[in-house]
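There are 2 protein chains.
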Amino acid sequence: MAEFVSKSLGEFELIARLTARLRRRTGTILGPGDDCAILRPARGRELITIDSMVEGVHFRLDWGAPESLGARSLTVNLSDIAAMGGRPTACVVNLAIRPGLDARFFDRLYAGLERAAGAAGVDIVGGNVTRAEALSITIALLGEARGGVLMRSAARPGDHIYVTGTLGDAALGWRALDGQVKVRGAARRFLIDRYLNPAARVAAGMRLARIRPVPAAIDISDGLWQDLGHMLERSGVGAEIDAAAIPLSPAYRAAAGGDLKLALGGGEDYELLFALRHEKSEAHLTKQLGVPVSGIGRIVRGRGARLRDGGAPALAGWDQLKERR
Amino acid sequence: MAEFVSKSLGEFELIARLTARLRRRTGTILGPGDDCAILRPARGRELITIDSMVEGVHFRLDWGAPESLGARSLTVNLSDIAAMGGRPTACVVNLAIRPGLDARFFDRLYAGLERAAGAAGVDIVGGNVTRAEALSITIALLGEARGGVLMRSAARPGDHIYVTGTLGDAALGWRALDGQVKVRGAARRFLIDRYLNPAARVAAGMRLARIRPVPAAIDISDGLWQDLGHMLERSGVGAEIDAAAIPLSPAYRAAAGGDLKLALGGGEDYELLFALRHEKSEAHLTKQLGVPVSGIGRIVRGRGARLRDGGAPALAGWDQLKERR
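Put into structure tokens, the structure is as follows:
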């Protein structure tokens, strides 16, 4: 343990690499290099979230480029800010490094992280590097919400349920990489790209937060069914979902046909699920939010979600779905 | 990888345990349970820091109680806020868990974390749980600074250098646990306690930030010599340190005699190192800051630190010290 407790020069170099790439937004008074970063107070309410990606659990290095990994580490956090309708502002990064990764790898990882941060208007204001057995990237992200804040708890019976984008692509993507799913050509490339390079719906979340009454929302990180379950639980309501309305990409259909299992339970979509008091057409919402939007069902009194399959209530509730996975 | 991507029920239980223990301070609008926590904006300037403790790198489970580990995970972050003169306010916790640890272990870990947070006035506003090969606890901590902010870069030639507490105790403590250092009785217990249960100098830091001109400061986490080096580098100055003035505890002397190696380079002290423009007596500062304070030298023009040993300049500069370890 002795050699671990004091930081080696190599680790200091990594910290310097990580933190030298600050893009200074107006809110950052002091970036990396001191004991803390100094920021101006949030305008409106402040949001904070933390998420972590661990090698062998959330990613494999042989599956994608280091740049994608860097970007995705931030995207999973951006998605949480998006789900509250906030504007992301600044983050701190904890990097756990393991032997066998060289400076070139970290340069590429940081390049991806920096690009994602720049695109989202986020300053990387601080970092910490530690050694570990496996590579992991943990990011705490701050944001601010000036108007409405989208909460899981705001769904009410009668609300109309929508999702952005298409579901299940990322889950199929990593299964394609893992050899569990056979799919070729453009469909394979699309699905893998959806897994490696997800987009957080930040702009859509901010636009959603302007609707009144303020919608309920959550991001779909663990799969539609599970995350819908969180919203229902927090709101004390139930839901009926129309199986035929679940948005599937052509690539999903090419790989999985009409099997909804991964669209409902696959995870890593980073799309938004939201509930509106007043019904709006998909076309209207797609234009308003700047992303494709699909209406998939209604909030009802009661508990849990039911999947309606061609009019007849299906049995695929929360527990049933869990067992199928 | 399949079974890792979706969270198991066990993980949800852990998240619930972790986040149910929120102590709500006035600044927390929404605690755990949504995509983000919602906070009121910081009063004054906002501080943020992130730090991580990894099993086998920063701690061993057989060396101390889970409660100590939980508290210490926060203390290392509190120390960063203390070093800026800030008031800690809220934190988010990322817990990477491994097989072989039971609910009782996590209950005790959280109890320690919660106690430390409560004592420091910090709300645990959010958490994330992931699986990993080794246990690790990563905390991002927010704080606010209403008056002066202590920075590493503020040291000027002629400044008087001080430290709080005694140095090297924690480094001796873990070496005693590891069998590298032989020490018995009360001295052994004291040194091990200093390693397992360090205190962050938060109140002292806040009081220090009221002094004008605002002092330079850094917390001693990597060892006096290394952290002094950071302050000197950021300030563009040098320092002369009086070896005889380095504060050593009776337990340190019992275990290491007059050997300053671990007091200078051992790390994990979490004491404050600071530089004042106007000299003050140790007694005055001890009373003013509420912790023992020792004057250990002066800031000088130039680069790097020199250790003056009994009047004659010693050779134990930065590089020499590194080689000795």
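So the sequence lines, in the order shown, correspond to chains D and C. FYI, the working numbering numbers position 98 of the first sequence as 98, with every residue one higher than the one before it. In the working numbering, each residue's number is its place in the second sequence (first place is 1) plus 1000. All C-beta atoms, glycine included, are put in the ideal place defined by N, C-alpha and C.
Within 8 Å (strictly less), CB to CB, does residue i reach chain C?
i	result
Gly100(D)	no
Thr138(D)	yes
Pro41(D)	yes
Asn197(D)	no
Lys7(D)	Low confidence applies here, because Lys7(D) scores a pLDDT of 47, under 50, leaving its location unreliable and the question unanswered by this model.
Ile29(D)	yes
Met84(D)	yes
Val57(D)	yes
Asp329(D)	This structure gives no information on residue 329(D), because the portion of chain D shown stretches from 1 to 325.
Gly33(D)	yes
Glu133(D)	yes
Ile38(D)	yes
Trp318(D)	In this predicted model, Trp318(D) has a pLDDT of only 38, less than 50, meaning its place in the structure is not dependable; the value taken from the coordinates is given anyway. Output row for Trp318(D): interface = no.
Gly311(D)	Note that Gly311(D) scores a pLDDT of 46, beneath 50, so its modelled location is shaky and nothing firm can be said.
Ala96(D)	yes
Among the options, whose alpha-carbon lies nearest the alpha-carbon of residue i?
i	options	result
Asp1035(C)	Trp63(D), Ala71(D), Leu78(D)	Leu78(D)
Thr1089(C)	Thr1164(C), Arg1131(C), Val1057(C), Arg1146(C)	Arg1146(C)
Gly1064(C)	Thr1075(C), Tyr1195(C), Pro1041(C), Ala1037(C)	Tyr1195(C)
Leu1150(C)	Asp1080(C), Ala1263(C), Ala1120(C)	Asp1080(C)
Val181(D)	Asp159(D), Ile211(D), Gly257(D), Ala209(D)	Gly257(D)
Leu1191(C)	Gly1229(C), Lys1280(C), Ala1217(C), Ala1255(C)	Ala1255(C)
Ile1327(C)	Pro1099(C), Ser1235(C), Gly1126(C), Ile1218(C)	Past the boundaries of the shown model lies residue 1327(C); chain C is included only from 1001 to 1325, so the question cannot be answered.
Arg1152(C)	Glu279(D), Thr166(D), Gly31(D), Phe105(D)	Gly31(D)
Glu1279(C)	Ile1161(C), Val1076(C), Arg1201(C)	Ile1161(C)
Cys91(D)	Ala83(D), Gly143(D), Arg108(D), Gly112(D)	Gly143(D)
Glu114(D)	Ala134(D), Thr75(D), Arg98(D), Ile97(D)	Thr75(D)
Gly1229(C)	Arg1188(C), Gly1165(C), Arg1108(C), Arg1303(C)	Arg1303(C)
Asp1107(C)	Leu1069(C), Trp1174(C), Ala1083(C), Glu1268(C)	Leu1069(C)
Asp309(D)	Leu260(D), Ala82(D), Ala134(D), Arg201(D)	Leu260(D)
Ile1211(C)	Ile1097(C), Asn1128(C), Ala1154(C)	Ala1154(C)
Is there a Cβ from chain D that is less than 8 Å from the Cβ of residue i?
i	result
Ser1052(C)	yes
Thr1130(C)	yes
Thr1164(C)	no
Met1151(C)	yes
Val1126(C)	The sequence given here places Gly at residue 1126(C); Val does not occur at that position. Yes, its Cβ sits closer than 8 Å to a Cβ of chain D.
Ala1314(C)	With a pLDDT of 44 at Ala1314(C), under the threshold of 50, the modelled position of this residue cannot be trusted; read the value that follows with caution. It does not: the Cβ of Ala1314(C) has no partner Cβ on chain D nearer than 8 Å.
Leu1047(C)	yes
Ala1305(C)	no
Val1293(C)	no
Ala1283(C)	no
Val1092(C)	yes
Phe1004(C)	Low confidence applies to Phe1004(C): its pLDDT is 34, below 50, so where it sits in the model is not reliable, and the reading given next is rough at best. Closer than 8 Å: yes.
Gly1147(C)	no
Gly1143(C)	yes
What is the C-beta distance between residue i and residue j, in whole angstroms, given that I count them as a contact (C-beta under 8 Å)?
i	j	result
Gly295(D)	Gly205(D)	Going by Cβ atoms, the distance from Gly295(D) to Gly205(D) rounds to 18 Å, so no, they are not a contact pair.
Leu232(D)	Gly223(D)	At roughly 14 Å, the Cβ-Cβ gap does not stay under 8 Å, so Leu232(D) and Gly223(D) are not in contact.
Gly1247(C)	Val1163(C)	Per the sequence shown, the amino acid found at residue 1247(C) is Pro instead of Gly. The pair is a contact, with the Cβ atoms about 6 Å apart (cut-off 8 Å).
Ala1071(C)	Ala1037(C)	Their Cβ separation, rounded to whole angstroms, is 21 Å, which puts Ala1071(C) and Ala1037(C) out of contact at 8 Å.
Leu1061(C)	Glu1067(C)	12 Å between Cβ atoms; not a contact.
Pro1041(C)	Ala209(D)	So it is not a contact: roughly 17 Å between Cβ atoms.
Leu272(D)	Ala217(D)	6 Å
Ala1140(C)	Ala140(D)	3 Å
Pro215(D)	Leu276(D)	5 Å
Ser1249(C)	Thr1166(C)	4 Å
Counting contacts by CB-CB distance shorter than 8 Å, is residue i in contact with chain E?
i	result
Ala243(D)	Among the protein chains in the structure shown, which are D and C, there is no chain E.
Self-check item: beta strand (DSSP E) segments (min. 3 residues) lying fully within the segment 1105 to 1152 of chain C
Solution: 1123 to 1131, 1136 to 1145
Quiz item: What beta strand (DSSP E) runs, 3 residues minimum, are completely inside the segment 188 to 235 of chain D?
Solution: 216 to 220
Quiz item: Which ranges does the alpha helix (DSSP H) cover as unbroken runs of at least 4 residues, wholly within the segment 1275 to 1313 of chain C, from first to last along the chain?
Solution: 1282 to 1289
Self-check item: Proximal residues, the segment 225 to 240 of chain D versus chain C, C-beta separation under 9 Å
Solution: Gln226, His230, Arg234
Practice problem: Quick one: which residues of the segment 1061 to 1081 of chain C get their C-beta closer than 7 Å to a C-beta of chain D? List them in chain order. | Solution: Asp1080, Ile1081
Quiz item: Which runs of the alpha helix (DSSP H) fall wholly inside the segment 1028 to 1103 of chain C and span at least 4 residues, in chain order?
Solution: 1066 to 1082
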